[in-house]
Amino acid sequence: MGTDYILELNGIEKSFPGVKALSNIDVKFEKGVVHGLVGENGAGKSTLMKVLSGAYLPDSGTINFDGELVDIHKPSDAERLGIAIIYQELNLLNKMTVAENIYIGRSPKKAGFISWKEMMRASQEILDEFHIDIAVDAVLGNLSIAEQQIIEIVKAISKNAKLVIMDEPTSSLTEAEIKIMFEMIEKMRKNHVTVIYISHKFEEIFEICDTINIMRDGEFIGQYPVGDISRDEMIEKMIGRKLVRQFPERDPDIGDVILEVDGLCDFDNKVHEVSFELRAGEILGISGLVGAGRTELLELLFGASKKKSGKIIIDGEEVNIKSPKDAIEHRIGFVTENRKEEGLLLSSSVAMNVAVANFRRLAKFGFYVNLNKINDVAEEYVDLLSVKTPSVAQPIRFLSGGNQQKVIIARWLYSDSRILLLDEPTRGIDVGAKKEIYDLINELSHEGKAVILVSSELEEIIGMSDRAIVMSEGSIAGEVDKADFSQHLLTDYALRGRAKN
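In our numbering, the protein residues as written are 964 to 1464.
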């Protein structure tokens, strides 16, 4: 690997009121190496990234970049040095084209004017280099989230960055798109570009990274060559204790059929002739590749989109669910895939986020909301689900991802939901919080709740579900009983396409 370091951090510290976010961080990152960075939410990964990006100033310590002592006071300082950061929340302009997004703020010019022709040519060249089939004149807002993620990566590469920091870069990508992204990383490595790869997906860390860097409680625990540490050892160092079983023991008490879905189709043909049953106390996993129609199916069941044909039957009677209000009345709760944009009122309190689907129940004399009752209910469910928050008045944006997810689940428990639709409930959540969510889902099923669990993590489907269906191209490609679970079989169904009778 050599001895040449692109980045050296010495004694970096950062505090916020009541919290020491970074404590005496000492670490060196070698040039041309892919460094995995792992740690639970709150370990300090995001704070460290923001120090390197110029979003935060460290309280003390020094930064050496490419052999020189540097000060990073603002994002433009980081960009000038050759540091590019790809955040989980994309930093793109939806109304502009792909080419304009790639070259925003540094458009090629001819005779003092922007050369659109050169911008298109240069953008096409870099897309072709990575075999990316996206039109340079496409409006970004018309692309999928996965395609936008790829453009964000291309934008960083086009700046000739020396250090690229990637925060959960594959959270919305398909297998094929992940392969393209890994090819990009390999090319950067060959060009001696250093990558810091932040992810909760440990299989990716071990596949693409050369070193694993572990943080815990604002401290740097250690840097390990990827071949010198096991997955379990890594997790134990992350959480500071011996690893316990991640998935709870399932001893299901499965009852009668609560929900029947018969020939369900949507208007966009993303859900096509889907039929299945769900029983009380059952956890039904739904697996499949990104774009298979899993989220769209849950949206149909919750009334967030309109069905074209088919039947939804609850307790033996066909129901007409045309809106989320109808779904809530039929005691269906929905934990969405994108909690920050669709599931949470980020500027509102924990209490208000628990109550938002229940204002009718909380209204006094039928026309105004009883704020004391909201707080009482929220405190009850915060205690019940062990939500870590200073108070129910705390704005929910300040909670960790795992605690935000618990608040959304609390919302549907207070709504007395019998059927819970969970779409990627542990996405972006650290390993410790994941176990808490798994235990909670298990407990809810024991109470007789019927759960549909959509997940892109096969480990999660296998570890949590009593039965699984696999979707492909909007249809059910296969159904697998727990006794037959294997990653190979689930993947085979996902890749096979629509099941042929």
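Here a beta-carbon is modelled for each residue, glycine too, at the ideal position from N, C-alpha and C.
Its Cα nearest to that of R1430, the residue E1245 stands out among S1268, R1257 and E1245. Excluding five sequence positions before and after M1059, the CB atoms of its chain that fall closer than 8 Å to its own CB belong to I1067, V1102 and L1103, given in chain order.
H1451 sits in a helix when the DSSP states are folded into three classes.
Sixteen is the threshold: since fewer than 16 other Cβ atoms of the shown chains lie within 10 Å of the Cβ of H1036, the residue is exposed. In the DSSP assignment, H1409 falls within the alpha helix (DSSP H) that extends over V1394 to H1409. Exclusion of the five residues before and after N973 leaves D989, G1024 and T1025 as the residues of its chain whose Cβ lies within less than 7 Å of its Cβ.
Inter-residue distance for E1300 and L1264 is about 15 Å (C-alpha atoms, whole angstroms).
Contact between the region 1362-1379 and the region 1172-1182 is absent, with fewer than three C-beta pairs closer than 8 Å.
Rounded to the nearest whole angstrom, the C-alpha separation of R1213 and L1247 is 13 Å. Of D1029, I1048 and G995, the smallest CA-CA separation from K1013 is found for I1048.
Within the region 975-1062, the beta strand (DSSP E) runs of at least 3 residues that lie entirely inside it are, in chain order, 982-993, 997-1001, 1023-1028, 1031-1033 and 1046-1049.
In this structure, the beta-carbon distance from R1374 to K1412 does not fall below 8 Å. Approximately 5 Å separates the beta-carbon atoms of V1417 and I1249; this is inside 8 Å, confirming the contact. Restricting attention to M1129, S1310, K1164 and A1267, the CA atom closest to the CA of M1147 is found in M1129. Going by beta carbons, K991 and E971 fall inside the 8 Å limit. Of the other Cβ atoms in all chains shown, fewer than 16 fall within 10 Å of the Cβ of K1205; this residue is therefore exposed. Given a length threshold of 3 residues, each whole run of the beta strand (DSSP E) inside the region 1151-1239 is given here in chain order: 1157-1161, 1174-1179, 1182-1188 and 1220-1229.
Residues of the same chain with a CB within less than 6 Å of the CB of E1182, apart from the 5 flanking positions on each side, are S986 in chain order. Remark: fewer than three beta-carbon pairs, one from each stretch, lie closer than 8 Å, so the region 1254-1261 and the region 1191-1211 are not flagged as touching. With a threshold of 16 other beta carbon atoms within 10 Å, A1440 meets it and is buried. F1361 is bridged by DSSP to nothing; it lacks a bridge partner. Checking the DSSP bridge columns, you'll see L1383 partnered with G1296 and V1414.
According to DSSP, residue pairing for L1241 in a beta bridge involves L1222.
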